[in-house]
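With mature numbering (1 follows the signal peptide of the UniProt record, and there is no 0) as the guide, the letters of the sequence shown map in order to residues -15 to -1, 1 to 97.
Ideal Cβ positions, reconstructed from N, Cα and C, are used throughout, including at glycine.
As C-alpha coordinates, the structure follows; a few thoughts come after it.
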Amino acid sequence: LVVFFLLTLLRTRWEEQRYEEEGIGSSYLFRIDEDAIIDATKVGNLARFINHSCNPNCYAKIITVESQKKIVIYSRQPIGVDEEITYDYKFPIEETKIPCLCGEVTCRGTLN
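Structure, rendered in C-alpha coordinates:
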(Lines of atoms letter the chains of each structure in order from A and count residues from 1; the text may use other names and numbers.)
(Lines give C-alpha, C1' and ligand atoms only; values in the text may rest on other atoms or scores of the structure.)
Protein backbone atom coordinates (compact mmCIF):
# COMPACT_ATOMS: atom_id res chain seq x y z
CA LEU A 1 0.00 0.00 0.00
CA VAL A 2 1.42 3.35 -1.04
CA VAL A 3 -1.47 5.69 -0.22
CA PHE A 4 -5.24 5.88 -0.19
CA PHE A 5 -7.38 8.69 -1.53
CA LEU A 6 -8.81 10.85 1.23
CA LEU A 7 -12.14 11.98 -0.17
CA THR A 8 -15.44 13.19 1.09
CA LEU A 9 -17.73 13.54 -1.90
CA LEU A 10 -19.47 11.13 -4.21
CA ARG A 11 -20.70 12.75 -7.38
CA THR A 12 -23.08 11.65 -10.10
CA ARG A 13 -22.58 11.93 -13.87
CA TRP A 14 -24.86 14.97 -13.89
CA GLU A 15 -22.59 16.73 -11.41
CA GLU A 16 -19.52 15.80 -13.46
CA GLN A 17 -21.05 17.39 -16.56
CA ARG A 18 -21.92 20.53 -14.58
CA TYR A 19 -18.29 20.82 -13.42
CA GLU A 20 -17.09 20.69 -17.02
CA GLU A 21 -19.64 23.29 -18.09
CA GLU A 22 -18.32 25.60 -15.35
CA GLY A 23 -14.81 25.20 -16.77
CA ILE A 24 -13.48 23.30 -13.77
CA GLY A 25 -12.79 20.14 -15.77
CA SER A 26 -12.48 16.64 -14.41
CA SER A 27 -8.82 16.47 -13.41
CA TYR A 28 -9.50 15.10 -9.95
CA LEU A 29 -12.51 12.87 -10.58
CA PHE A 30 -12.19 9.09 -10.16
CA ARG A 31 -15.01 6.83 -11.31
CA ILE A 32 -15.60 3.99 -8.85
CA ASP A 33 -18.53 2.39 -10.66
CA GLU A 34 -21.07 3.11 -13.41
CA ASP A 35 -22.85 5.84 -11.43
CA ALA A 36 -20.52 7.04 -8.68
CA ILE A 37 -17.58 9.37 -9.10
CA ILE A 38 -15.29 10.43 -6.28
CA ASP A 39 -14.41 14.10 -6.40
CA ALA A 40 -11.04 15.25 -5.08
CA THR A 41 -11.06 18.59 -6.90
CA LYS A 42 -11.44 20.76 -3.82
CA VAL A 43 -10.99 18.29 -0.96
CA GLY A 44 -8.52 15.43 -0.68
CA ASN A 45 -4.98 14.45 0.18
CA LEU A 46 -1.75 14.22 -1.82
CA ALA A 47 -2.97 11.09 -3.64
CA ARG A 48 -5.03 13.34 -5.92
CA PHE A 49 -1.80 14.72 -7.40
CA ILE A 50 -0.40 11.36 -8.55
CA ASN A 51 0.37 11.60 -12.26
CA HIS A 52 -0.50 9.20 -15.07
CA SER A 53 2.10 7.03 -16.76
CA CYS A 54 1.83 4.46 -19.56
CA ASN A 55 4.49 2.51 -17.63
CA PRO A 56 3.37 3.12 -14.02
CA ASN A 57 5.05 1.95 -10.84
CA CYS A 58 1.70 1.71 -9.02
CA TYR A 59 -1.90 0.72 -9.67
CA ALA A 60 -5.23 1.88 -8.28
CA LYS A 61 -7.71 -0.51 -6.73
CA ILE A 62 -11.21 0.12 -5.39
CA ILE A 63 -11.85 -1.65 -2.10
CA THR A 64 -14.77 -1.65 0.35
CA VAL A 65 -14.15 -0.81 4.01
CA GLU A 66 -17.10 -0.80 6.41
CA SER A 67 -19.56 -0.51 3.48
CA GLN A 68 -17.71 2.46 1.95
CA LYS A 69 -15.74 2.29 -1.29
CA LYS A 70 -12.17 3.55 -1.08
CA ILE A 71 -9.45 4.04 -3.69
CA VAL A 72 -6.10 2.60 -2.72
CA ILE A 73 -2.81 2.97 -4.60
CA TYR A 74 -0.53 -0.09 -4.46
CA SER A 75 3.07 -0.36 -5.61
CA ARG A 76 3.92 -2.68 -8.52
CA GLN A 77 7.61 -2.62 -7.61
CA PRO A 78 10.03 -1.06 -5.12
CA ILE A 79 9.90 2.74 -5.41
CA GLY A 80 12.99 4.86 -4.79
CA VAL A 81 13.02 7.87 -2.48
CA ASP A 82 13.20 10.39 -5.34
CA GLU A 83 11.06 8.38 -7.79
CA GLU A 84 7.71 9.81 -8.88
CA ILE A 85 4.65 7.74 -7.95
CA THR A 86 2.48 7.10 -11.03
CA TYR A 87 -0.42 4.94 -12.13
CA ASP A 88 -2.36 4.40 -15.37
CA TYR A 89 -5.51 6.52 -15.27
CA LYS A 90 -7.24 4.08 -17.66
CA PHE A 91 -9.52 6.76 -19.08
CA PRO A 92 -12.32 5.40 -21.29
CA ILE A 93 -11.74 5.50 -25.04
CA GLU A 94 -13.39 8.59 -26.51
CA GLU A 95 -13.36 10.31 -29.88
CA THR A 96 -11.68 13.43 -28.51
CA LYS A 97 -8.21 12.35 -27.43
CA ILE A 98 -6.29 13.72 -24.45
CA PRO A 99 -2.54 13.82 -25.20
CA CYS A 100 -0.28 11.85 -22.87
CA LEU A 101 2.90 13.59 -21.76
CA CYS A 102 4.35 10.81 -19.60
CA GLY A 103 7.50 10.53 -21.69
CA GLU A 104 7.77 6.74 -21.40
CA VAL A 105 9.28 4.77 -24.29
CA THR A 106 6.07 2.71 -24.30
CA CYS A 107 3.77 5.76 -24.22
CA ARG A 108 0.41 5.19 -25.96
CA GLY A 109 0.28 8.85 -26.96
CA THR A 110 -3.10 9.54 -25.34
CA LEU A 111 -4.71 9.11 -21.93
CA ASN A 112 -7.82 7.74 -23.60
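- For cysteine 85, the closest of Glu79, Val57, Asn97 by C-alpha to C-alpha distance is Asn97.
- With contacts defined by Cβ atoms closer than 8 Å, asparagine 42 and serine 60 form a contacting pair.
- Within the region 22 to 61, the beta strand (DSSP E) runs of at least 3 residues that lie entirely inside it are, in chain order, 22 to 24, 43 to 50, 53 to 60.
- Across the structure, arginine 16 and asparagine 30 are spaced so that their CA atoms are roughly 17 Å apart.
- Within the model, the alpha-carbon separation for phenylalanine 76 versus cysteine 39 is close to 12 Å.
- DSSP, reduced to helix, strand and coil, places tyrosine 72 within a strand of the structure shown.
- DSSP, reduced to helix, strand and coil, places arginine 16 within a strand of the structure shown.
- For valine 28, the closest alpha carbon among the candidates Gly88, Asp20, Ala21, Tyr13 is that of Tyr13.
- Counting the other CB atoms within 10 Å of its CB gives arginine 3 a total below 16, which places it among the exposed residues.
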